[in-house]
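Beneath this line is the structure, given in structure tokens, with notes to follow.
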Amino acid sequence: MLKRNRPARRGRSTADETELLRLAEGLSDSSGRIEDAFWESRLTQRITRLISEREEDTLNSALDAANQADGRAYEALADMIESICEATRIEVNGAQWDAVLITAPALAWSRWQIGGGSISPDTLQNLKVQLGAHVLAKGTKLALADFLFSPDQLPHGFVPTAELTQALAQAARDGKNLKLDARELPETKTFLADTRYLLGVVLAPAGAALFRWQEDDGDREEILAQWQKQGAGIMQKLLAGSTFSLSMPGSYHNAWREADRLSRGYSLQATVAYLLMTLNIEPRQLQAVIGPFHSQQLEEYRVGFTRRGDDKVLHGVVWPLLDGEDEHTDCISEIEAILKEIGITAIHVHEHDFPLDYCDDCGTPLYPNLEGELLHAEMAEEEPGAQPTMLH
Ligand SMILES: [Zn+2]
């Protein structure tokens with residue numbers, strides 16, 4: 002996964018790793034834009050070579066070392082590596098074009114299974130037309146992968162991401178899409194709420210606008226509204242049986258991170274909607290219990306849902322901390338605001354820390370109830386309309 006997990010392991014020291022760290026520290030201490038360009042061009046050269054040599058481990062150990070040494074150098078290095086993985090320059094009919102990996106995420110939930118997988122040529126073509134019309138700048142070329150990815154199926158690591166960017170860039174240059182072999186991708190785990198990703202590469206003449214919002218009259222809100230309106234009709238075919246919301250398409254890492262951020266609130270809303278529907282109850286009959294979960298440091302919040310006056314946890318939602326968040330980030334207020342907005346009035350926050358515990362049998366997270374017990378979420382089979390979840 003490309004998520005920036007704060008790594009703890011200290012990597013081996015190699016010449017490349019040491020040099021990456023030196024350059025990243027130089028960049029993070031830089032005194033101005035001209036100096037930035039100096040450090041960035043040297044970092045770009047070295048990272049590009051390491052990616053072409055498939056040196057995933059060296060990149061990761063350099064990130065580990067930067068993380069131990071200096072948080073700002075780590076950020077600078079992570080940004081450089083990510084931007085190099087998702088962008089390249091290629092020649093089209095003798096001219097230089099920029100190529101950028103993009104994603105269009107969909108937040109979805111379903112009582113059954115959220116769709117995904119292979120996309121038919123017609124649907125792919127329709128998606129291309131809508132992205133071209135509403136999201137991309139005029140004069141760009143686009144290639145899409147013929148697959149709707151789940152989080153488990155996204156490229157794992159920097160080198161695979163860069164290779165996908167290359168393959169899609171070539172497809173875009175040739176006016177084609179990228180065919181993927183679905184059998185080579187891992188199976189999708191089933192969650193009540195999850196994210197799906199459309200992936201592609203957009204090409205623009207070097208230095209020209211890639212996205213509609215870079216154009217003089219481009220307006221981000223309008224772009225998102227149009228994509229949500231026009232894109233939804235097509236995505237509906239791929240996500241049949243799910244409720245979904247399209248988030249802003251854009252450069253891969255950025256759009257992916259934004260979808261990650263939005264998916265936390267989306268999961269809360271989805272879980273409440275699911276409980277109200279399957280149990281046929283009102284929001285005021287639900288109790289939400291929030292607790293902070295630690296290993297070495299605060300890792301996430303978990304929200305357990307019970308019926309008011311009952312101990313049994315029916316369902317739960319994990320609210321992971323994202324980049325740059327820690328125990329000083331006011332996630333709890335954000336969680337409470339979302340719950341209140343959907344009508345949950347009984348909200349309890351446990352102040353003490355919980356251990357990051359999971360079920361020994363199925364690995365599902367355990368959630369707090371009002372008494373502060375950590376329980377396995379379970380919907381009883383006799384609940385009308387409830388599917389027996391998490392049985393083993
Ligand atoms: Zn279990």
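For the record, in the sequence shown the residue sitting at position 216 is 217 according to the working numbering, with numbers rising by one throughout. All C-beta atoms in this analysis are idealised placements derived from N, C-alpha and C, irrespective of residue type, glycine included.
For this session: Check whether the Cβ atoms of THR272 and PHE294 sit closer than 8 Å, and answer yes or no.
Result: no
Exercise. Where does LYS313 sit, in a helix, a strand or coil, going by DSSP?
Worked result: coil
Problem set entry | Residues near LEU357 in its chain [Cβ-Cβ closer than 7 Å; skip 5 each side] | PHE294, HIS295, SER296 and GLU300
Exercise. Do VAL101 and LEU277 have their C-beta atoms within less than 8 Å of each other?
Worked result: no
Problem set entry | Buried/exposed call for ALA387, threshold 16 Cβ in 10 Å | Residue confidence for ALA387 is low, a pLDDT of 48 falling below 50, so the modelled location carries little weight; the figure read from the coordinates is stated next. Buried.
Exercise. With DSSP run on the structure shown, which of helix, strand or coil describes ILE417?
Worked result: As shown, the chain starts at 2 and ends at 393. That puts residue 417 outside it, with no answer to give.
Exercise. Rounded to a whole number of angstroms, what is the C-alpha to C-alpha distance between ASP254 and ALA105?
Worked result: The sequence as given places His at residue 254; Asp does not occur at that position. Going by the C-alpha atoms only, they are around 11 Å apart.
Exercise. Do you know how far the Cα of THR279 is from the Cα of LEU137?
Worked result: Whole-angstrom Cα-Cα distance: 41 Å.
For this session: Output the distance between the C-alpha atoms of GLY373 and ILE345, rounded to the nearest integer angstrom.
Result: 19 Å
Exercise. Going by DSSP, which residues form a beta bridge with ILE48?
Worked result: Answer by DSSP bridge pairing: none, since ILE48 is not bridged.
For this session: Kindly identify the DSSP beta-bridge partner or partners of ARG262.
Result: ARG262 pairs with nothing; no bridge assigned.
For this session: Please report the residue range of the beta strand (DSSP E) in which PHE1 lies.
Result: The chain is shown from 2 up to 393; residue 1 falls before or after that span and cannot be answered.
Exercise. Are the region 170–178 and the region 196–203 touching by the rule of at least three beta carbon pairs closer than 8 Å?
Worked result: yes
Exercise. Between ALA16 and the rest of its own chain, which residues show a CB-CB distance below 8 Å, the 5 nearest in sequence each way excluded?
Worked result: none
For this session: Measuring alpha carbon to alpha carbon, tell me which of LYS313, ASN281, TYR302 and GLY266 ends up nearest GLN288.
Result: LYS313
Problem set entry | Length of the line joining the Cα atoms of LYS230 and CYS332 | Computed Cα separation, rounded: 30 Å.
Problem set entry | Nearest-angstrom Cβ-Cβ length linking ILE224 and HIS135, presumed shorter than 8 Å | 6 Å
For this session: Mind checking which residues open and close the alpha helix (DSSP H) that includes LEU128?
Result: 122–135
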